[in-house]
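Here it is as structure tokens:
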């Protein structure tokens, strides 16, 4: 049995009526909560756009009339929490059995691996839509499968998430409290 | 006497013929050097664009036909160096006497102040074009003037840069080695 995520309008309101709009919105609302409460400063990077043509119909108002989306060179989210550099991307899967590695770009894996090497906290937040569950997947677990991709499986089994990823419980506010995972597994003395 | 900065094509090449293209390009080349040499991972965020209309002339190829530039909510550059979160913006002035505070958006100052509070290293890189000089200006120095803006001066005098900012010498590669300042003044034991 599937538990479909309801997609509603992207208007951000303060009531709880548009719960589970999209993973990205839920993370952005979580980040707004973190920012407003002085907990962390984590932002989504703008989607990169290659601008080809711009008109100036009025003074000081540039109108872009031709542009194309570019592939981002890094991940979507980064920022600072308790002096630590945080970097992650958000992914969804409808699968019930395994998360396909083709959902991640190789430059994103390289970037997260590199961030981790430089002392940052690098991970993915993955929404298993069939189970209505959210996981914090550390870069180390991704690399275990990524590095064997050529001669082995091309996906990460759900069981691996149950064993070596951390579940993020969906709540009202903050929606997806992923920093709690960082407190428990990265910053505990 | 002025020392004009030559603006040339924005094509990035590996020779030194387009030295001093623009401050932003010089910082991006510096960041590429840092990344290629495993020193730091610092990227420029894409310019945010509000997309109003998109056409799909061909499968899988979205063409943006109406969009507008948005004011960025944070700064242009962030990343990680020696486990530390780095955040800054780049500014230029043609003045010979003082850097006008209207060159900085209030949300950028708030953001940098907040980053510093959370343990990050927050600053501006300012190019004094009349002197052909580059300075690393810590957020603390900015705040000293910013907080007195209403009842006092609306600019930071050049003398303050000489006294309390750090000069970044322009070189071949990396162009503007601003991490050297961080080594000397932030990370020294």
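Chains as they are written, first to last, in my numbering: chain A, 31 to 219; chain B, 31 to 219.
We put the beta carbon where it would ideally sit given N, CA and C, even for glycine.
The structure presented is a predicted model; accordingly, all values stated were derived computationally and were not measured.
Residues near residue i by beta carbon distance below 6 Å, same chain, minus five either side
i                      : result
residue 194 of chain A : 171
residue 47 of chain B  : With a pLDDT of 42 at residue 47 of chain B, under the threshold of 50, the predicted position of this residue should be treated as unreliable, and no value is reported.
residue 215 of chain B : none
residue 115 of chain B : 150
residue 41 of chain B  : Because the pLDDT of residue 41 of chain B is 41, which lies under 50, any placement of that residue in the model is unreliable, and the number read from its coordinates should be weighed accordingly. Taken in chain order, the list of residues that qualify is empty.
residue 83 of chain B  : 95 and 96
residue 68 of chain B  : none
residue 184 of chain B : 131
residue 213 of chain B : none
Supposed close pair residue i, residue j - CB separation, criterion 8 Å
i                      : j                      : result
residue 186 of chain B : residue 129 of chain B : 5 Å
residue 155 of chain B : residue 166 of chain B : 6 Å
residue 109 of chain A : residue 66 of chain A  : Not quite, the Cβ-Cβ distance comes to about 14 Å (not below 8 Å), so this is no contact.
residue 97 of chain B  : residue 97 of chain A  : 6 Å
residue 157 of chain A : residue 53 of chain A  : 5 Å
residue 199 of chain B : residue 76 of chain A  : 32 Å between Cβ atoms; not a contact.
N-terminal and C-terminal residue of the beta strand (DSSP E) that residue i is part of
i                      : result
residue 74 of chain A  : 70-74
residue 154 of chain A : 151-158
residue 185 of chain B : 185-187
residue 83 of chain A  : 79-88
residue 55 of chain A  : Note, residue 55 of chain A: premise wrong, no beta strand (DSSP E); alpha helix (DSSP H) at 53-66.
residue 128 of chain B : 128-130
residue 110 of chain B : 107-111
residue 91 of chain A  : 91-99
residue 121 of chain A : 114-123
residue 196 of chain B : 196-198
Start-to-end residues for the alpha helix (DSSP H) that takes in residue i
i                      : result
residue 169 of chain B : 169-176
residue 161 of chain B : Counting along the chain, residue 161 of chain B falls outside any alpha helix (DSSP H), and DSSP gives it neither H nor E.
residue 207 of chain B : From DSSP, residue 207 of chain B is part of no alpha helix (DSSP H); its letter is neither H nor E.
residue 145 of chain A : 136-147
Own chain, CB closer than 7 Å to residue i, minus 5 neighbours either side, in chain order
i                      : result
residue 78 of chain B  : 100 and 102
residue 169 of chain B : 142, 143, 146, 152 and 153
residue 34 of chain A  : The predicted model places residue 34 of chain A with a pLDDT of 45, which falls under 50 and marks its position as unreliable; any figure quoted below should be read in that light. For residue 34 of chain A, where only same-chain residues beyond five positions count, there are no Cβ hits under 7 Å.
residue 124 of chain A : 159 and 160
residue 196 of chain B : 165, 166, 211 and 215
residue 203 of chain A : 63
residue 85 of chain A  : 93 and 95
Environment of residue i [buried if 16+ CB atoms lie within 10 Å]
i                      : result
residue 217 of chain B : exposed
residue 132 of chain A : exposed
residue 61 of chain B  : buried
residue 16 of chain A  : In the structure as shown, chain A begins at 31 and stops at 219. Residue 16 of chain A is therefore absent and cannot be evaluated.
residue 142 of chain A : buried
residue 111 of chain B : buried
residue 139 of chain A : buried
residue 188 of chain A : buried
residue 73 of chain A  : buried
residue 148 of chain B : buried
residue 174 of chain B : exposed
residue 91 of chain B  : exposed
For residue i, the nearest candidate out of the options (CA to CA)
i                      : options                       : result
residue 164 of chain A : A:175, A:179 and A:211        : A:211
residue 56 of chain B  : B:207, B:214 and B:111        : B:207
residue 190 of chain B : B:126, B:76, B:140 and B:86   : B:126
residue 179 of chain B : B:135, B:115 and B:105        : B:135
residue 205 of chain A : A:94, A:59 and A:54           : A:59
residue 122 of chain A : A:184, A:160 and A:176        : A:160
residue 209 of chain B : B:145, B:184, B:147 and B:118 : B:118
residue 93 of chain A  : B:93, B:81 and B:104          : B:81
residue 137 of chain A : A:120, A:104, A:113 and A:162 : A:104
Neighbourhood of residue i by C-beta distance below 8 Å, restricted to the same chain and skipping five residues each side
i                      : result
residue 177 of chain A : none
residue 192 of chain A : none
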